[in-house]
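This report concerns only the one structure given below.
Residue numbers (my numbering): 431 to 824.
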């Protein structure tokens with residue numbers, strides 16, 4: 431990826447500042463100026479993407495140049511608006527805010543969609559980020575209605591929110607580790623509405639997942655299917671990992687980030703303990719590359735020739751910045767900084783020849799289906815931008 435180009439110095443100050451804040455003997459990238467320009471270009475690529483309610487950008491093939499565009503019902507639809515809101519926060523450029531508002535509006539109808547557990551990814555990444563910058567009652571109403579809709583997927587016997595509706599002939603009541611990220615919507619809905627039921631559901635889901643999703647080494651299963659009669663687990667498998675007992679990297683990231691976030695709202699030390707244990711498993715894994723950008727699954731036997739997953743690395747970096755706030759453990763800060771140093775280079779930031787609304791390359795979506803492998807994916811950008819914002823505060 432030898433991509434070098436020259437662009438106006440707009441937006442670049444952000445990356446320069448964050449690079450200067452690297453701590454604890456983490457080596458600084460020597461080409462900060464070039465990297466700053468690269469990042470500025472990618473911000474503008476998002477701004478230039480045409481507004482279309484049926485064409486949320488999800489991923490892109492660099493081989494064909496084709497952008498995968500999805501409607502609002504897709505689980506990834508909320509990330510693009512979230513990216514624009516976060517770039518606005520990073521830069522203060524109101525053009526990003528105005529574009530973010532346009533894309534956010536297209537998500538609203540999803541507040542009625544009870545066929546999915548991904549309400550947090552869709553609604554909170556968009557409307558939730560918007561609410562940080564505008565005291566908008568309408569945004570609050572959308573979040574609460576979305577929480578109300580999501581709550582209809584909660585099963586009291588299981589004590590969790592149903593994740594997927596497909597594959598019913600195999601899974602009775604599947605719960606995936608990814609679902610931890612949708613709990614933030616519920617916690618915030620209780621804060622907004624004053625109704626504790628959303629918070630209670632979030633806590634029950636977190637507790638059920640804590641009990642059943644983790645192995646003795648603190649790694650996690652991707653999918654746990656429950657018996658709705660007994661409420662007990664029937665099977666523990668994977669859908670996106672290498673095999674049922676492997677360690678799908680992004681799944682570990684959902685766990686680290688999810689339980690850190692749950693600790694933020696509850697101060698339950700069991701959540702913090704699990705976040706730390708899984709973070710330690712992740713960071714100290716024998717198959718962790720030197721630059722901190724993980725392979726898509728820690729147990730892929732083709733390592734070191736397996737695809738990387740920059741989205742998993744960015745997700746974990748963002749989660750670890752928050753985990754560091756609660757633990758003051760420099761190991762978490764060091765790893766997060768190393769990841770951000772690696773990602774903030776031309777090895778991962780796309781250059782100006784790529785005509786698509788993305789920032790990072792080398793994410794991996796669904797390796798077993800050979801879908802979105804080693805490509806730019808919108809949620810990789812989302813957690814990278816969030817990590818930049820969190821790093822600025824360290």
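Using N, Cα and C, we set each Cβ at its ideal position, and we do this for glycine too.
| Item | Value |
| --- | --- |
| Suppose only complete runs of 3+ residues qualify. What are the beta strand (DSSP E) ranges in the segment 462-511, listed by chain order? | 486-490, 497-500 |
| Under a Cβ-count criterion, where at least 16 other Cβ atoms within 10 Å of its own Cβ denotes burial, should residue 826 be classed as buried or exposed? | Residue coverage of the chain in this structure runs from 431 to 824, which leaves residue 826 outside it and unanswerable. |
| Leaving out the 5 sequence neighbours to the left and right, which residues in its chain are closer than 6 angstroms to residue 766 when beta-carbon positions are compared? | 747, 750, 751 |
| Could you name each continuous alpha helix (DSSP H) segment of 4 residues or more that falls completely within the segment 732-777, going from the start of the chain to the end? | 740-757, 760-773 |
| For residue 600, is the classification buried or exposed, using 16 other Cβ atoms within 10 angstroms of its Cβ as the cut-off for buried? | exposed |
| Please report how far the alpha carbon of residue 705 lies from the alpha carbon of residue 492, in whole angstroms. | 35 angstroms |
| Hey, would you say residue 779 sits closer than 8 angstroms to residue 469, going by beta carbons? | yes |
| Check whether the Cβ atoms of residue 636 and residue 610 lie closer than 8 angstroms to each other. | yes |
| Three Cβ pairs or more, each shorter than 8 angstroms: is that satisfied between the segment 568-583 and the segment 542-551? | yes |
| Taking 8 angstroms as the threshold, find out whether the segment 634-648 comes into contact with the segment 567-580 through three or more Cβ pairs. | no |
| Do you know how far the Cα of residue 782 is from the Cα of residue 590? | 44 angstroms |
| Applying the 10 Å Cβ sphere with the 16-neighbour rule, what's the burial state of residue 724? | buried |
| Three or more C-beta pairs closer than 8 angstroms, one from the segment 677-685 and one from the segment 734-745: is that the case here? | yes |
| Using 10 angstroms around the beta-carbon of residue 631, count the other beta-carbons present and answer buried if the total reaches 16, otherwise exposed. | buried |
| By DSSP, does residue 646 sit in helix, in strand, or in coil? | coil |
| Sorted by chain position, which residues of the same chain lie with C-beta nearer than 6 angstroms to residue 692's C-beta, five sequence neighbours on each side aside? | 636, 701 |
| In the structure shown, what three-state DSSP assignment does residue 718 receive? | coil |
| Which same chain residues end up closer than 7 angstroms to residue 498 when comparing Cβ atoms and leaving out the 5 residues on each side of it in sequence? | 488, 489, 490 |
| Whose C-beta lies closer than 6 angstroms to the C-beta of residue 672 among residues of the same chain, with five residues either side of it excluded? | 727, 729, 730 |
| Whole-angstrom Cβ separation of residue 507 and residue 552, contact assumed at under 8 angstroms? | 5 angstroms |
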